[in-house]
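Residues -25 to -1, 1 to 140, numbered by mature numbering (1 follows the signal peptide of the UniProt record, and there is no 0), are exactly what the sequence shown covers, in order. Backbone N, C-alpha and C define an ideal beta-carbon position, used for all residues, glycine too. Small disclaimer: the values here were computed from a predicted structure and weren't measured. One structure below.
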Amino acid sequence: MRASFALCLSVAALLCAPAALSAHALGASFEKESGPYLIDIGYAPEEFSADRTALFEFELTEDGAPVPFDDVWVRITREEKTVFAGGIHNARFGGARMTYLFPKSGSYELSVRYERGLESVAEASFPLVVLPAEGGGTLRNLALAGIIGLLIGAAGSYALARRRG
């Protein structure tokens, strides 16, 4: 039973790894100075599109050195209406990150405010352009990979059970 569970997990991990790894390579970023600090928001993919999950990574530096902060208040607006607002905690492992699924194409604005305790440390806003949906979307591909992984894992478990029995 343990072997079949391990096989199922391994197959699912192998099928889902490319989607997870591609979102983790944050090559593009928004940068803006706010007082003595540099706000740096890494993001992937490089072009935003509707129905495709975007990953944002929030960093704050001063003269190239990381500046400690507790949370980032993030607000995303479209046509002056708030579509997302919330605090993102700066975790010890992984930092301050969030994913967001843009519901529609168009012009958006990403506003951030870095906070330490009750103090506002730095803030900035960035314009975003979201392209129309590409048709499939990352979530659909990830769900399909997960289902295929489960089916392969179930088939492997069945084969192992028949072989032993």
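Item: Let me check one thing: in DSSP terms, what residues is residue 91 bridge-paired to?; Value: 94
Item: Between residue 92 and the ligand HEM, is there a pair consisting of the residue's CB and a ligand heavy atom that are separated by less than 6 Å?; Value: With respect to the ligand HEM, the structure shown offers nothing to examine, as it has no ligands at all.
Item: What does residue 56 pair with, by DSSP beta-bridge criteria?; Value: 53
Item: Pick helix, strand or coil for residue 132, following the three-state DSSP scheme.; Value: helix
Item: Beta strand (DSSP E) containing residue 34: first to last residue?; Value: 28 to 37
Item: Using 8 Å for Cβ pairs, my map puts residue 29 next to residue 59. What's the rounded Cβ distance?; Value: Actually they do not touch by this definition, with Cβ atoms about 11 Å apart.
Item: Looking at residue 85: is its Cβ nearer than 7 Å to the Cβ of residue 63?; Value: no
Item: Between 33, 138, 79 and 80, which has its C-alpha nearest residue 5's C-alpha?; Value: 33
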